[in-house]
Amino acid sequence: MNTILGLGFILLAGLFSARLINKIRFPSVTAYLILGILIGPALFKLVPKGILDASGFISNIVLGIIAFGIGQNFSRDNFNRIGKPVMWISILEACGAWVLVTLVFLVILREPFYLSLLFGAIASATAPAATVMVIREYRAKGIFTDTLLGVVAIDDAWCLIIFAISLAISQTIYSHKLATFFLIKVFLDSILSIFGAFILGGIVAMALSYLSRYLHTQTELLIFTLGFVFLNIGVAIWLKLSVLLANMFLGTVLVNINKSSFKFFDALKTVDSPLFLLFFVLAGANLEIRILPKIGLIGLGYLIFRIVGKVTGASLGARISNASKSIKRYLGWGLVPQAGVALGCALIAKNDFPEVGSIVFTTIVATTVVYELIGPLCTKYALRKAGEVMLEPH
Amino acid sequence: MQVKEIMSKEVITVKHSTTLRQLLEIFAKFHMFPLIPVIEENNRLVGIISFRNLLNAFRPLEPEVLKTVPFLDEKKEDIFKTDLTEEIGNLVVVEDIMEKNFISIQEESSLEEAFSLMELHLKEEFPVVDKRGRLVGMIGIFDIIREVFHQKGVI
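Same order as they appear, the protein sequences are chains Z and H.
If you count the first sequence from 1, position 337 lands on 342 in our numbering, and the numbers rise without skipping.
If you count the second sequence from 1, position 143 lands on 212 in our numbering, and the numbers rise without skipping.
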């Protein structure tokens, strides 16, 4: 199959599978992922090599776009609206998963620190799609639901920050191949990568905002925004800065300096869906089935302790912010699903760490499929226990 | 020529607390649902409502922040099949469904600027505000086109 035919096939097959899976009440991204596993080299081998080779390329673009969108959350108004419980719970559940998984991998599974840190960072991500779908399906309403939605929405931002920091640290340790590390060197290099990303995002945001006064049509707006986002991603890659943070900062600075910034973010929404579809299908297609048997223990450890970290972190955050009993007990269970951001980060890890990257990636794809399947059940459980289910679907 | 010279100064407005029922009653006889500015004390413009926002009433409302979340499926709603209850008419208020991200235009802007903005955002009307952010009128694309025809002697 040639590359373009492959693309057409992927898009249409993706559309069809999403429809199918929606009927059994799972989000579309689950369909794309499973489709990718089915048609990839692991099983039916239908994906042309040209497309597979572009996996890193596509994921950098997609992650850049979503990091840009996530940056919007950090506007002054938004922070005022978020509220203490959501802030505390989201920060602590993300950190809870990060710290616990890192420690478990380091101490119990005896993996090297840089690898444990990567797994820990990826563990902090939550995928909202499955949770939101359940909430919509059950017409859930109330404080528990609002808090849960707030937490899943802002959670990606924390994960990106956590991952960027962890990646910077892991890369520095890995490239120096030291058993112990020179704290200062690692610290400085990481700070440089993060600070540099901030400066880059800020400068590009100012240029974008200033030049946008010359735009006349929607078409120009779309091309302009896309061009700047790609520029930002490209320069970040070139200067070895964090792509995720650079784009997140681009979004954040933009939303704070430009009153009608929503037009830039909205413009991208018109073209992002085929890219997202491709991203997930490729994520599934990159699954290396021969590695699966080797990751049994790692996969299990990750699977269990990510949930434990999230549930206890959320509970702690709820306690600190005086949230209701239901929130303290059950909110963490709504945070089980994992998909897009985790996969994207795992793909970055795969590219940046040639030896162990595949293990990380395959583990994450496999655990993502499991999480996407059990996630909705956990969310339904949490919503029922919180008493906020308004409609039992037939 | 400035926007304030040809804008409509008589504008139907609503407040944050206007209920869905009251909103629909105002427009009971209209064929199309126009853009309605939402104002608070001193005529301060705080939002707009269009018919698209009415669709939000068919669904439990989701927090703003969800708009930035990636990979979400679009809300699929068959408006003919939802179970709406009578209370929705009184329970849902303008503040719940209005659009807070909107474009407004300064009363002293030129017609060229207004038209340009309409083309860029693919919108046909904007609320007009003064320097203090207070609503002073509405301007539509038809107002501008009519003025151009007038200037050229067509009418």
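We treat Cβ as the ideally placed atom computed from N, Cα and C, and that holds for glycine.
If you draw a straight line from the Cα of F14(Z) to the Cα of R24(Z), it is about 15 Å long. Collapsing the DSSP output to three states places L204(H) in a strand. With a threshold of 8 Å between beta carbons, I75(Z) makes contact with chain H. Counting along the chain, V223(H) sits inside no beta strand (DSSP E), nor does DSSP assign it H or E at all.
Taking C-beta atoms as the reference points, G362(Z) and L38(Z) fail to come closer than 8 Å. Cβ-Cβ distances below 7 Å link S214(Z) to L259, I262 and N263 in the same chain, with the five nearest sequence neighbours on each side left out; the list follows chain order. Between M70(H) and S178(H), the C-beta gap is not smaller than 8 Å, which leaves the two residues out of contact.
If you look at E98(Z), you'll find it isn't in any beta strand (DSSP E); it sits in the alpha helix (DSSP H) that goes K89 to L108. Of all residues in the region 215 to 227 of chain Z, only L220, H221, T222, Q223 and L226 place a beta-carbon less than 7 Å from a beta-carbon of chain H. When the Cα atoms are used, K146(Z) and V375(Z) turn out to be separated by approximately 27 Å. Within the region 357 to 383 of chain Z, not a single complete beta strand (DSSP E) segment reaches 3 residues in length. Sorting V223(H), T88(H), E188(H) and V107(H) by C-alpha distance to the C-alpha of R203(H) places V107(H) at the top.
Under the DSSP assignment, L283(Z) falls in the alpha helix (DSSP H) whose first and last residues are D277 to A290. Listed along chain Z, no residue sits closer than 7 Å to L89(H) by beta-carbon distance, the nearest being about 17 Å off. Take the alpha-carbon of I42(Z) and the one of F366(Z): they are about 13 Å apart. Residues are counted here when their Cβ sits less than 7 Å from a Cβ of chain Z; for the region 186 to 219 of chain H these are E188, L189, H190 and L191, given in chain order. The beta carbon of C383(Z) sits closer than 6 Å to those of W338 and V341, all from its chain and outside the five residues before and after it, given in chain order. T230(Z) is positioned such that its CB atom lies closer than 8 Å to that of F269(Z).
By DSSP's assignment, R113(H) forms a beta bridge with R203(H).
For R113(H), the number of other beta carbons within 10 angstroms of its own is below 16, and it is reported as exposed. Sequence-ordered contacts of the region 147 to 173 of chain H with chain Z read N170 and I172 [C-beta pairs closer than 7 Å].
Relative to the Cα of L297(Z), the nearest Cα in the group A36(Z), A47(Z) and K355(Z) belongs to A47(Z). Closer than 9 Å at the C-beta level to chain H, one finds these residues of the region 128 to 149 of chain Z: A132, P133, A134, V137, M138, I140, R141, R144, A145 and K146.
The continuous alpha helix (DSSP H) containing E94(H) extends over residues L89 to I95. Counting only runs of 3+ residues, no beta strand (DSSP E) is found wholly inside the region 209 to 239 of chain Z.
In the three-state reduction of the DSSP assignment, E393(Z) falls in the coil class.
In the displayed model, V198(H) falls within a strand according to three-state DSSP. With contacts defined by Cβ atoms closer than 8 Å, K169(H) and G222(H) do not form a contacting pair. Look at K268(Z): its C-beta is under 8 Å from a C-beta on chain H. Here S195(Z) has I170, A173, I174 and T177 as same chain residues with Cβ atoms under 8 Å from its own Cβ, once five neighbours each way along the sequence are excluded.
Taking C-beta atoms as the reference points, G125(Z) and T136(Z) fail to come closer than 8 Å. For P106(H), the enclosing beta strand (DSSP E) starts and ends at I105 to I108. For the region 7 to 37 of chain Z, the set of positions with a beta-carbon nearer than 7 Å to some beta-carbon of chain H reads P32, S33 and V34 in chain order. The three-state reading of DSSP puts E143(H) in coil, since its state is none of H, G, I, E or B.
Annotation: L280(Z) to V346(Z) spans about 14 Å, alpha carbon to alpha carbon. Between N327(Z) and chain H, the shortest Cβ-Cβ separation is not below 8 Å.
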